[in-house]
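Numbering follows my numbering, in which position 443 of the sequence shown is assigned residue number 445; successive positions increment by one, without gaps.
Note that beta-carbon positions come from the ideal geometry of N, C-alpha and C, so glycine has one too.
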Amino acid sequence: MTDKLNLPSQSDIQAVLTLDRDTLPSFPQVAAKLLEVSKNDTASLEEVAKIVETDPGISIRVLELVNSAFFGLSRKVTTLSDAVVILGLDELKKLALSIAIFEKIFKTGYTKEFDRLMFWRHSLAVAVLSMKIAQKVAYPNPEEAYTAGLLHDVGKIFLDLQGHRSYGEFIKNLSESTDLVIEKERSEIGLGHDDIGAFFCTRWQLPENLVLAVKYHHQSFENHDLTEDEKQLIAIVSMADFLCWTQGMGSFDFIRPPILAPEVETWVNPEKVNIINCILEMNKEIEDISAFYQFVFPTVDQLKENLLWANIKLSQANTKYYYQGYPTSRTQDTPLSEDGLLPPDIGFEMGKSLSKAQTVKQVLDIVLYQVGCIFQPCHWSILLKDAKTGDMVFSVVVGTNSRRLQGVRLPKGEGIAGYVMKTGNPLVVDDVTKDKRFSNRVDKYTRFNTRSIIATPLKTDNKIFGVIELVNRVNEETFSERDLALLSSIAEYAAIAIERSYYHQALTNLATRDSLTGLKNRFSFERTVSNLDDFQARFGRVFSVLILVVDGMARQYETLGQDKCDTALKELTAILNKTKRREDLIFRYAENSFLVLLPLTYSDGAQKALARIKKALTLSPLDCKQIFSSVTIQSHTMAGEDAGQLKNLLAQILSKTRQPEQESEVADMQENIQMLVENEMALAEGENAKESSPEHASKQDIKNFGKSVSLQGQFKRLKTGEFGRIRVEQVSLSAIGIRISKSHRILVNDFLDIEFNLDDIKRALVKRRVVVRQIQGNYIYGEFYNPPPYAKNLGFYIFS
C-alpha cells in the first residue's frame, strides 16, 4: 500500500479495538476469489460457478433465490449450473459477493442498538447506487464501484464487535444529539469507522482503489496524490452513501445525512448525472433484493425525489459553512462575512439541529429560538401563506399577546409581511411611521406599539410559502441592513429544512398510516410487535388485543358503493378512537379488519373495551347500520413474553384478508404546509395543556399554574439595571411565578434577567430572561423570553 492512505497505526487501532486474532473476522476467501475474477473481463460463468460451489452456504442461498417467487419459474432448479445460467454472470458475482461478506462478517455483530439488518440494507443500497452512478459517469468498472459501496462502512462492524467502548451505547447517545456520526466517532471513540475500515481492508490485501474509497468516503481527498479514477471512485461512493441516507436508508434508525466533501460534486454532479434516475433504478433493484431478504422499502417516487432534493440543499448549506474556515467561536462583536452569510459556528450548528428535526414544528422551534438569541426582538413570528385564499396566517408567534395573535389572518398583500410575500424581497424598516407599506391593524389588535420591523421570505425554488417577521428590539435599537442579511441566511436554512421535514413526514405517513382512516397500518403493527423487549416495556406482562372484522366487505362495496363504505369505515375509526383509552393503539390491519392493542389489560378489561365498542356501534348513524351489523369482534389476552405469537394468531384468523389500497399522491408543500403547521401546533397545545401559561386568566387565577416550589434567586431589570432578590414560587417550561420586594418599580412588559438554583441533586442553575405579563402586589407572573426548544434540566425537574 502507498502513502496515499495515511492509515492509523497498529497502536492507534489497539487504543480503540481489542485485536484478538482468534475472533477477528477474516475476509471471506470466496469473496476474495470473486474480486480477483471480477478484474478479468473474460471470466466465464463456469469459472464463477466453480468459486461459488466452494462455499455450501452461498450455493444454498443462490438456489434459494432462483427458486423464490421473484423469478416465478415453473419448475424447481436443483443444480447450481442451471442457477448460474438463469442469474447471469454479473448478478451471480454481485449476489455471491454480498452473501459471502454478510454471512462471514456482518452477521457476527451482536449489539441491539446496532441493527444488523438495517446496516446490511444500507450497505447493499450504497453498493447498488454506486454501481448505477458509476455507469452514468462512465467509470471504467461499475462492478468495482458496487464492491466499494458494499464495503464502505465495514469499520462499523469492528467498532461493534471489538470496540473498547460499547458501539450500541454510542449509537443510542448519538440519536439524541445533532453531531455528525463520523466526527462523534473521532471525538468520543478515538477513530472513525472510515479509518478503521481502511486499516482492515489493507490487512485483507484488497485492491488499493477499494481501500481508498473506504478511507475517504467521509473525508476531503482532493489534496492527496490520487489518480483521476481513484478520485472518481471515492466521489461515487461518497455520493451514493449520502443519497441513501437522504432516502431513509442509513445504517442507523435516525435521519443524519453526512456532509459531502466539496470536491465530490466536481466528480459527481447530482444535477448533471441524473441522480433521480439512478435513485429510481436503485429502488427497483433494491425492491427485488428486498423480496428475497424481506427488507421494507416504502416507495413513492415523486415524494422521494422531493425529499432527496430537500436533503441535498440542506447538506449543501451545511457544507458551505463547514468548509469556509471561519473562527470556531463568536462573540457579539464578531463581524459577519461581507456577503452577509451566517458565521459558520452559528450556521453549522443550526444546520446540524435542523438536519435532526423530523417535523415542521421542530424546525420552527429551532429557527425561532436562534432568531431570539441572535436578534433579541420583542416580538417575532412566522406567517404562512394559505394557498387557497392567498391570505397570510400568523402560524407561529412569540412575544406580546402571542396567543391572541396565533392564527390571525392578514389579507393578501397587507402590511410589511404582505409586501415581502408578494415581491419576494426582504425588507428592513427602521421607523414604520415613515413607511406607507406598514399596516397598524395588528398593533390595534394586540395593543403594542411597532417601531421597527425586519422581514424576509421563506422560499424554495422561487416559490414563497411564508415570511419571518421581527418587530422591535429588546434594547430599543432599530434593525439594520446587516441584520437583514443575517436573517435572510437563517430564512434560507429554515425554508430548506421546512421543505425537507414536510416531505419526510409525508413519506413516513404514507409508509406507516392507512390513507383512508389515518390509523396506523399493518407495517406499523409489525414494527410494534417485532421487538419483544420494547413491546413488553410498553404493553406490560399481560396485554389484550381486540380483532374487528367487517364481514363481506367486498360484497358491501359492490352493493352500497365505495363512497358509502368508505364513510362507514371512517365512522368506525371515529368510534374506535372515542372508545379507546389514551394508551391503547389502533391499527387498520387489512381492508376489512382492525386491531386494538390494550396494554396491561386482563380478559375482564378486554371485555369491557369490547362492550364499549358494541354499544357505540348500535348508536351509529343509520346509513352505517347495514355495514356495522356485520362487524364481529374477538378478544384475546396474552402474556407479554408471548407477543411473538401474535402474528401467527392473526394469520390464522385473518388468513384471507388483503391490504387496503394506499393513496400514493402527496399534496404539494405549497398547498399543504399552512394546514400542517396548524395541526401540529394544535397537537402541541393539547399535549402541553396541563402546563400551559395562564395568559388570559384573571388576577385571582395567575398563581394556579406549573409546579409549586420555593427556590431562591435574583433578578436584574434590563431597562434600569436595578437588581434584587426573588423567591420562585411556581415554574413551568414556559412561565414562572416569583415574589419580589414591594418597593420594586417593575412594570408589565418589562424584561428581567433572573437566575435561581433548582433543589435537585445537582443544584442545577437556571438562567432565563423573563417578560413580565401580570403583577399582583409583590407577586409577578412572567413568561420566559425565548425558551430553548429542548430545556432538559428544567423539563426533568418539572415533570419528576
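Problem - Cβ-based burial, residue 121 [other Cβ within 10 Å; buried from 16] - result: buried
Practice task
Return the bridge partner residues of residue 394 from the DSSP annotation.
Solution key: 387 and 412
Exercise for the section: Under the assumption that residue 183 contacts residue 203 (Cβ atoms under 8 Å), give the Cβ distance between them as a whole number of angstroms. Expected result: That belief does not hold up - the Cβ atoms of residue 183 and residue 203 are roughly 19 Å apart, past 8 Å.
Exercise for the section: State the start and end residues of the unbroken alpha helix (DSSP H) segment that holds residue 371. Expected result: 362 to 377
Problem - Proximal residues to residue 750 (C-beta, below 8 Å), its chain only, five neighbours per side dropped - result: 774, 775, 776 and 777
Handout entry: Sequence ranges, beta strand (DSSP E) only - wholly within the stretch 548 to 580, length at least 3
Key = none
Practice task
Could you work out which residue in 575, 614 and 606 is closest to residue 597 when comparing CA atoms only?
Solution key: 575
Exercise for the section: With DSSP as the reference, label residue 7 as helix, strand or coil. Expected result: coil
Practice task
Give a yes or no on whether 9 Å exceeds the smallest Cβ distance from residue 476 to chain C.
Solution key: Within the model displayed, chain C is absent; a lone protein chain is all it includes.
Exercise for the section: Assign residue 783 to one of two classes, buried (16 or more other C-beta atoms within 10 Å of its C-beta) or exposed (fewer than that). Expected result: buried
Handout entry: Rounded C-alpha distance that separates residue 496 from residue 502
Key = 10 Å
Practice task
For residue 646, count neighbouring C-beta atoms within 10 Å of its own C-beta (all shown protein chains included) and say buried if the count is 16 or more, exposed if not.
Solution key: exposed
Handout entry: Beta-carbon proximity list for residue 550, same chain, < 7 Å, skipping 5 on both sides
Key = 595, 596, 633 and 635
Practice task
Kindly identify the DSSP beta-bridge partner or partners of residue 638.
Solution key: 547
Practice task
Confirm, please, whether the CB-CB distance from residue 429 to residue 470 is below 9 Å.
Solution key: no
Practice task
Quick one: residues in its chain with C-beta nearer than 8 Å to the C-beta of residue 656, no 5 flanking neighbours on either side, listed in chain order?
Solution key: 549, 551, 591, 592 and 595
Practice task
Within 10 angstroms of the Cβ of residue 7, are there 16 or more other Cβ atoms? Answer buried if so, exposed if not.
Solution key: buried
Handout entry: Minimum C-alpha distance to residue 46 - residue among 86, 730, 79 and 78
Key = 86
Practice task
Tell me whether residue 87 sits in a helix, a strand or coil according to DSSP, three-state version.
Solution key: helix
Exercise for the section: Go ahead and label residue 615 buried or exposed: buried means 16 or more other beta carbons lie within 10 angstroms of its beta carbon, across all protein chains shown. Expected result: buried
Exercise for the section: Using 10 angstroms around the beta-carbon of residue 21, count the other beta-carbons present and answer buried if the total reaches 16, otherwise exposed. Expected result: exposed
Problem - Inter-residue spacing [alpha-carbon to alpha-carbon] between residue 427 and residue 490 - result: 10 Å
Handout entry: Cα-Cα separation, residue 188 to residue 196
Key = 10 Å
Practice task
Please state if the CB of residue 760 and the CB of residue 713 are separated by a distance shorter than 9 Å.
Solution key: yes
Problem - Distance, residue 772 Cα to residue 298 Cα - result: Its pLDDT being 48, under 50, residue 298 is placed unreliably by the model, and the measurement read from it follows with that caveat. Near 49 Å, if we compare the C-alpha coordinates of residue 772 and residue 298.
Handout entry: For residue 443 and residue 697, the rounded distance between their alpha carbons
Key = With a pLDDT of 46 at residue 697, under the threshold of 50, the modelled position of this residue cannot be trusted; read the value that follows with caution. Approximately 22 Å between the Cα atoms of the pair.
Practice task
Grab me the residues of residue 329's own chain with a C-beta within less than 6 Å of its C-beta, minus the 5 sequence neighbours each way, in chain order.
Solution key: Residue placement at residue 329 is flagged as unreliable, the pLDDT there being 34, under the threshold of 50; the coordinate-derived value follows with that caveat. No residues qualify anywhere along the chain.
Practice task
State the beta-bridge partners of residue 740 as determined by DSSP.
Solution key: 730 and 782
Practice task
Please report how far the alpha carbon of residue 274 lies from the alpha carbon of residue 209, in whole angstroms.
Solution key: 29 Å
Handout entry: Where residue 175 sits in the DSSP three-state scheme
Key = helix
Practice task
Give every residue of the same chain whose Cβ lies closer than 8 Å to the Cβ of residue 15, excluding the five residues on either side of it in the sequence, and list them in chain order.
Solution key: 21, 193, 198 and 201
Exercise for the section: Sort 142, 162, 238 and 370 by Cα distance to residue 789 and report the nearest one. Expected result: 370
Handout entry: Candidates 268, 117, 717 and 89, of which the one nearest residue 171 by Cα
Key = 117
Exercise for the section: For residue 218, name the three-state secondary structure that DSSP assigns. Expected result: helix
Practice task
Tell me whether the beta-carbon of residue 521 lies closer than 9 Å to the beta-carbon of residue 589.
Solution key: yes
Exercise for the section: Please go through the same chain and pick out, in chain order, the residues whose beta-carbon is closer than 6 Å to the beta-carbon of residue 787, but skip the five residues on each side of it. Expected result: 771 and 773
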